[in-house]
Structures are given as C-alpha cells and as structure tokens.
Amino acid sequence: MSKKNIFLILGVVIIACILIIVSQTTLLGKAPNGLVRIYISGQLHSQEELLMERDVAISQPDGKTNILHLMENGFYMKESTCITQQCIQQGQVTVDNYDKRALGTRVICAHNEVQVELVLTDRTPSPDLPDI
Amino acid sequence: MKKWICLLAALMLACPACTTAEEYAKFSRVAYGIFDTEIQLIGYTKDQNEFNQAADEVMAQLRDYHRIFDAYNSYPNLHNLWYVNAHAAKEPVEIPAPLFDLIVWCKEQWADGKEGANIAMGAVLSLWHDFRTAGIEDPLNAQLPPMAALEEAAQHTDFSKVILDHEKRTVYFADPLLKLDIGAVAKGYAADLAAASLMEKMPSFLLSLGGNVIAGEPPRDGRLHWGVSVQDPDDFSGMLEVLYVDQLTVVTSGDYWRYYTVDGERYHHIIDPATLMPARHIQAVTVVCESSLLADYLSTTLFLMPYEEGRALIEATEGAEAIWSLMDGTVLMSDGMAKYARSMGATSR
Ligand SMILES: [Zn+2]
Numbered sequence: 722m723s724k725k726n727i728f729l730i731l732g733v734v735i736i737a738c739i740l741i742i743v744s745q746t747t748l749l750g751k752a753p754n755g756l757v758r759i760y761i762s763g764q765l766h767s768q769e770e771l772l773m774e775r776d777v778a779i780s781q782p783d784g785k786t787n788i789l790h791l792m793e794n795g796f797y798m799k800e801s802t803c804i805t806q807q808c809i810q811q812g813q814v815t816v817d818n819y820d821k822r823a824l825g826t827r828v829i830c831a832h833n834e835v836q837v838e839l840v841l842t843d844r845t846p847s848p849d850l851p852d853i
Numbered sequence: 006m007k008k009w010i011c012l013l014a015a016l017m018l019a020c021p022a023c024t025t026a027e028e029y030a031k032f033s034r035v036a037y038g039i040f041d042t043e044i045q046l047i048g049y050t051k052d053q054n055e056f057n058q059a060a061d062e063v064m065a066q067l068r069d070y071h072r073i074f075d076a077y078n079s080y081p082n083l084h085n086l087w088y089v090n091a092h093a094a095k096e097p098v099e100i101p102a103p104l105f106d107l108i109v110w111c112k113e114q115w116a117d118g119k120e121g122a123n124i125a126m127g128a129v130l131s132l133w134h135d136f137r138t139a140g141i142e143d144p145l146n147a148q149l150p151p152m153a154a155l156e157e158a159a160q161h162t163d164f165s166k167v168i169l170d171h172e173k174r175t176v177y178f179a180d181p182l183l184k185l186d187i188g189a190v191a192k193g194y195a196a197d198l199a200a201a202s203l204m205e206k207m208p209s210f211l212l213s214l215g216g217n218v219i220a221g222e223p224p225r226d227g228r229l230h231w232g233v234s235v236q237d238p239d240d241f242s243g244m245l246e247v248l249y250v251d252q253l254t255v256v257t258s259g260d261y262w263r264y265y266t267v268d269g270e271r272y273h274h275i276i277d278p279a280t281l282m283p284a285r286h287i288q289a290v291t292v293v294c295e296s297s298l299l300a301d302y303l304s305t306t307l308f309l310m311p312y313e314e315g316r317a318l319i320e321a322t323e324g325a326e327a328i329w330s331l332m333d334g335t336v337l338m339s340d341g342m343a344k345y346a347r348s349m350g351a352t353s354r
C-alpha cells in the first residue's frame, strides 16, 4: 500500500468521524428537552416539543376533552372530562422523575382513551427502567 | 480497485451503526375498552408488519374472551356469563369452552376446601356493583348497599349449587337467586390464553390487562428480563417496586383500582365474604407465578386475608411469590420474591 493511499484512508476516517460527531451534537443542540406524543385510541394524534410553558387541548368529536399542560421539562394533565379524574392524579412527568413513576414516561386517561408520552431526545434511558 | 476496497473498509470502520443493523425492534400497542381496562402489548419482532399481525390477532382474541366473560351485556347467539346468570336457573345452559373450563377450575379450588375468592358470590357482588356504579355517576348521592340486602344475597352463594355437566358442557344453578361473578379470575385466564397464542406468533412479548401482566420470552435487545413496575398504593403515580421477570405473570389486587366514595370514605371492589364489606386487611398485594389465572385468584385471595395468613398460604404454594403493602405503609415480600425485586438487587440483565 502506498503512502498516498494510507493518507487517503486516514483522511476519510477522520472526516467521517468529524461528520458523525458534528451531526450528533447539532441534533442535540437543536432538540428541546424532549417531545410529547399524544395518542388517541392508540393512534398518534399529535406531537409537541417541550420548549415553553403552555396548555394544549386534546378535543375529540364526541366531546371528550383533556387539557394538557406542557412545561419546559415535562407535562401533566390539567383538566379532563373523564369520570375518574385518574389522569390528573397521575401527576407530573418530567425529565427528572420519569424513572421513579409507575407509569414511567406516560399519563393515561383510560376513559377518554388518551395517552400522553414523554419522549426523551437527549439521553438513552437505563435498561433497568420498567417496560410497563 | 484495491484503493476503493480500502476506502470502503475505512468508511465501514468509521460508521459502526451502518454495519450493526438491529435484527429485532420493539413495538407496542395500547387498546381500550376490552375487559373495561387498558390493554397494552409490547413485543420484539423483525418488523412492524409482523408485530401488527400478532397484535391484531391477540386483540381480537381478547375481545372474544371479553364478550364470553361479560356479566353485564348480552351478544347475539352467545351464551356468555350474562346469559348464564339470566338463564341457568331455569335450565342447563351450554356454554363456550373457555367459560366452562374457568368455572370448573374455580369449583375445583373451592371443592379442595382452600380459602379464597368464591365466584358464586355474584348476588352479593352485583349489589355492590350497582351501588358503586350509581355512586360514581352521582357522587353526591352515593350510598352503601343496605346490610339486610347484602345478608339476603349472601344466602345464595353456595358453589355446590352450581351444577356442571362435563359431557354436555352445561351449567345449571340449583339456586334460582345464585349468580356467578368471575371478575377475580377472568382477566387472568384471558391473559393465559392470549399468552399461549402469542408464544407461537411473537414469543418475546409483554402483555398487560390492567393489573394483570404476563411476560413471554426475554426482550430481544440484550436484556434477560422484562421490567414490570408495581404501583405504590399511596401514590397513584409512584412506584413501589420493579420486578424483573420472563415467562412469568405479575398480578396486583389493590384497594385503589376500583372504588367509590360514600360520606368521604372509600369503598373498593374486593368484598370479604365474611363481612360482606370491602376487605380491609392490606392495601395491596402483588403475586408472581407462572399462571396468570392462579396469580389472579391468589392475589384476590391474599387480599381477603391478614398478612400472616397470606404469607403462610404463599409459602405453601409452590412457584408463587408475593409482595404485600400493609395498611400502615409497610412493604413485605416472600423470600423467593427477592430474586425478581429491584430493591433486593435484581436487574434486567
Ligand atoms: Zn382521565
């Protein structure tokens, strides 16, 4: 193998590494603290970014409504038309507490068939987190 | 040419992600309305299609079991539990195999003289059900069922009056006021049946029917066990424990699952046959064993007895372990539970 070829290969490897690192860090830089995915009856309904504090209404044609409160680091169910109000009792899901919650990254309103999930964009969750 | 091969090799080295494409991926689905609870299925398959096929099949199967075990609704041409309760005192009713087998199993437990959940207590439980439903819908006027009515209903809970004909697969009530309530076992049995068919289609799965979780083969992501959280009875969103299991079931009975409030006091749905009132020995109990039906039955049974009695029962039951949450918040577990419990050092690997 000639010297020229070795330099060429080294050059390609270095450029590839730089590209990988740059692409990953810029993705991280752009990402908010997380994403919130909202499912209705098991189907993805919408997706929100955790960038600023705000309310999001989840309204269904039959009148079922949930008001979700988004924060910079998480969310909680603020209001719901469901009978049991269990979704409100499920409390906050944040990037700091999801590994201590029974429902993990989720809040579920079974009556309204609404599920809200925190998707972490900047970390790989521990393999010892519960699946369910 | 050689140069290009070297270049390609260098690029592959620089990009390990390109060469280690995952063979299996994790998929999940949530369904509502079946067994009046949230059904969750998680599985590892090679693609979304494979998962969808398995999920569609198991959800359809669970929907069928829900109809067969449904005590509150009738369906055309189906001799389900509602039909049995409405007709079995008049004449023997031929019923679907899953319902017949479940009643037979429960009657065997009862005939063995084991203490435990009595599914022939339907007359008492339906009174509680009606008052609870009314109380949830109209909380300001919520009431308790009158004790006189409960005592009268309790006269009609003798399982020996449930006559089963194995050849004709019929059930007959020798007491016209007797009713069956299989709430303590139906989800467990359905979970076992669903798990058996999932083992063929998608062996690496985790299926949850409300408080009943059943795990198939380990997750196909390098972990050896699935992680199943046990809810903290004092904190709706808190975690009491994480159990790492595979090919086992985790079933919880607690006073926080289904309840209503009368004059500021909570009345949950697990009724003590001795007092005809909600059992008040413990806050919750979680059972781990191989069969979800047995775990469901055991968790209800343990909920109906003080901790000491329950502990003796678990120690006498091979392959079953339990965690109790006592009324004062103390958490205790059977010796064999330690190998599954995160608080005792267990992990997913
Ligand atoms: Zn709700």
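Protein chains in written order, with our numbering: chain A, 722 to 853; chain B, 6 to 354.
We put the CB at the ideal spot given by N, CA and C, even for glycine.
- Beta-bridge partners assigned by DSSP to B/GLU320: none are found.
- If you draw a 10 Å sphere on the C-beta of B/MET349, you find fewer than 16 other C-beta atoms in it, and that means exposed.
- Under the three-pair Cβ rule at 8 Å, the segment 795 to 804 of chain A does not count as touching the segment 223 to 233 of chain B.
- Within 7 Å of the CB of B/ALA36, the CB atoms of chain A belong to GLY763, in sequence order along the chain.
- Cβ-Cβ distances below 7 Å link B/ALA125 to THR162, ASP163, PHE164, VAL167, LEU183 and LEU185 in the same chain, with the five nearest sequence neighbours on each side left out; the list follows chain order.
- The DSSP-derived three-state label of A/TYR819 is helix.
- Excluding residues up to 5 positions away in sequence, nothing lies with its Cβ nearer than 6 Å to the Cβ of B/HIS171 in the same chain.
- Judged by the Cβ position, A/GLN806 qualifies as a neighbour of ligand 1 at the 7 Å threshold, a heavy atom of the ligand being closer than this.
- Using a Cβ-Cβ cut-off of 7 Å, B/LEU211 is close to ASP852 and ILE853 of chain A, given in chain order.
- Set against 7 Å, the gap from the CB of A/SER762 to the closest heavy atom of ligand 1 is not smaller.
- At a beta-carbon threshold of 8 Å, the residues of chain A lying near B/SER353 are PRO848 and ASP849, ordered along the chain.
- Closest in alpha carbon position to A/THR786, among A/GLN836, A/ASN726 and A/LYS725, is A/GLN836.
- Under the DSSP assignment, A/ASP843 falls outside any alpha helix (DSSP H); it carries neither an H nor an E label.
- Look at B/VAL129 here: in three-state DSSP terms it is helix.
- Shortest gap from the CB of A/HIS832 to any heavy atom of ligand 1: under 7 Å.
- Set against 7 Å, the gap from the CB of A/SER801 to the closest heavy atom of ligand 1 is smaller.
- For A/CYS808, the closest of A/GLU793, A/GLY732, A/ARG827 and A/ASP776 by C-alpha to C-alpha distance is A/ARG827.
- Note that the C-beta distance between A/ASP817 and A/ASN833 is not below 8 Å.
- Between B/ASP237 and B/LEU245 the beta-carbon gap is near 4 Å, inside 8 Å, which marks them as a contact.
- In this chain, B/ARG72 is not harboured by any beta strand (DSSP E); it is covered by the alpha helix (DSSP H) spanning 53 to 74.
- The beta carbon of B/ARG347 is closer than 6 Å to those of VAL247 in its chain, skipping five residues each way along the sequence.
- For B/ILE168, the enclosing beta strand (DSSP E) starts and ends at 167 to 170.
- For chain A, none of the residues of the segment 301 to 313 of chain B brings a beta carbon within less than 9 Å of one of its beta carbons.
- Around B/MET244, the beta-carbon contacts reaching into chain A at under 8 Å are LYS821, ARG822, ALA823 and PRO851.
- Contact check for B/ILE276 against B/LEU149 fails: the beta carbons are separated by 8 Å or more.
- Proximity of A/GLU834 to chain B, defined by a Cβ-Cβ separation below 8 Å, is satisfied.
- Chain A places a beta carbon closer than 8 Å to that of B/GLN45, counting this residue as a contact.
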